[in-house]
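Asker:
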Amino acid sequence: MDTETRLRIADAIKEDARVIHHLVIPERFYQHSMSRPADRAVAAPAGETDLGLLVLAHECGHVANDDDLPHRERLPLVKQEIEATAWAFDRIRHHGGIVTAEMEKNARHALYSYTHSPSDLRADPRLYPFLCGGITL
Ligand SMILES: [Zn+2]
9 MDTETRLRIA DAIKEDARVI HHLVIPERFY QHSMSRPADR AVAAPAGETD LGLLVLAHEC
69 GHVANDDDLP HRERLPLVKQ EIEATAWAFD RIRHHGGIVT AEMEKNARHA LYSYTHSPSD
129 LRADPRLYPF LCGGITL
């Protein structure tokens, strides 16, 4: 994907999630990305690179999934994380983008960091096979 394609997909994904506010943060600070679903707001890279687009789409996934509503906040964190990532992959592909092996690897590593116990692995049936590389989301 070229930069123009990624930015077009980024705009479409923000619209899908009904994101109103996007604070663009430098890509090198991508680990500080976050979302505020109640405000339809994200802080994330612009989406000019594969990693930036993945992170932005993931944060939009938290907004789309309304992850600050009480019934969602009660879910295990790792379940919210895998659902936001699955949403991101789905939307990138829906808009004609490609989820590369590198993007999957980055997502896998991020999900590892949210996985602390066997019960976390049971939080979502996709998590363990995805972490093992057995499935794509
Ligand atoms: Zn997240």
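For the sequence shown, this note's numbering assigns the number 9 to the initial residue and increments by one for each residue that follows. From the three backbone atoms N, C-alpha and C, an ideal C-beta is built for every residue, glycine too.
Taking a contact to mean a Cβ-Cβ separation below 8 angstroms, would you say H66 touches A92 in this structure?
Answerer: Here residue 66 is taken as the residue at index 58 of the sequence shown, counted from 1. Here residue 92 is taken as the residue at index 84 of the sequence shown, counted from 1. Yes, the Cβ-Cβ distance between H66 and A92 is below 8 angstroms.
Asker: Counting C-beta neighbours from all protein chains within 10 Å, is the total for P53 16 or more, i.e. buried, or is it exposed?
Answerer: Mapped onto the sequence shown, residue 53 falls at position 45. Under this definition P53 is a buried residue.
Asker: Between which two residues does the beta strand (DSSP E) harbouring V27 extend?
Answerer: Position 19 of the sequence shown, counting from 1, holds the residue named residue 27. From DSSP, V27 is part of no beta strand (DSSP E); its letter is neither H nor E.
Asker: What are the complete alpha helix (DSSP H) segments, minimum 4 residues, inside the region 50 to 109?
Answerer: Taking only runs of at least 4 residues, the alpha helix (DSSP H) segments lying wholly in the region 50 to 109 are 58 to 72, 78 to 81, 85 to 102.
Asker: Considering only C-alpha positions, which residue in the set G104, Y122, A96, R82 is nearest to E112?
Answerer: Locating residue 112 in the sequence shown gives position 104, counting from the first residue. Residue A96 is the option with its Cα nearest to E112.
Asker: For M111, list the residues DSSP reports as bridge partners.
Answerer: For this step, residue 111 is matched to residue 103 along the sequence shown. Looking at the DSSP assignment, M111 forms no beta bridge with any residue, so it has no partner.
Asker: In chain order, what residues of the same chain have a beta carbon less than 6 angstroms from the beta carbon of D76, not counting five sequence neighbours either side?
Answerer: Counting from 1 along the sequence shown, the entry for residue 76 is found at position 68. If we look at D76 and ignore the five residues flanking it on each side, its Cβ neighbours are P45, A46.
Asker: Are the CB atoms of L61 and A18 within a distance shorter than 8 angstroms?
Answerer: Taking the sequence shown and counting its residues from 1, one reaches residue 18 at position 10. Taking the sequence shown and counting its residues from 1, one reaches residue 61 at position 53. For A18 and L61, yes; Cβs fall inside 8 angstroms.
Asker: Name the residue from Q39, T57, D58 whose alpha carbon lies nearest to the alpha carbon of A51.
Answerer: Position 43 of the sequence shown, counted from the start, is the residue given in the question as residue 51. For A51, the nearest C-alpha among the options comes from Q39.
Asker: Just the Cα atoms here: how many angstroms apart are P78 and A115?
Answerer: Translated into the one-based positions of the sequence shown, residue 78 becomes position 70. Translated into the one-based positions of the sequence shown, residue 115 becomes position 107. Answer to the nearest angstrom: the Cα atoms are 25 angstroms apart.
Asker: In the DSSP assignment, the beta strand (DSSP E) including S43 goes from what residue to what residue?
Answerer: By one-based count along the sequence shown, residue 43 stands at place 35. Taken as a continuous stretch (DSSP letters only), the beta strand (DSSP E) holding S43 covers 42 to 44.
Asker: Report the rounded CA-to-CA distance for F138 versus G104, giving the unit in angstroms.
Answerer: The residue you call residue 138 lines up with position 130 of the sequence shown. The residue you call residue 104 lines up with position 96 of the sequence shown. Each residue's Cα considered, the two are about 22 angstroms apart.
Asker: Quick check on R26: buried or exposed, where buried means 16 or more other Cβ atoms within 10 Å of its Cβ?
Answerer: As a position in the sequence shown, residue 26 is number 18, starting the count at 1. Exposed, because fewer than 16 other Cβ atoms sit within 10 Å of the Cβ of R26.
Asker: Around the C-beta of D128, are 16 or more other C-beta atoms found within 10 angstroms, so that it is buried, or is it exposed?
Answerer: Mapped onto the sequence shown, residue 128 falls at position 120. Flag for D128 reads buried.
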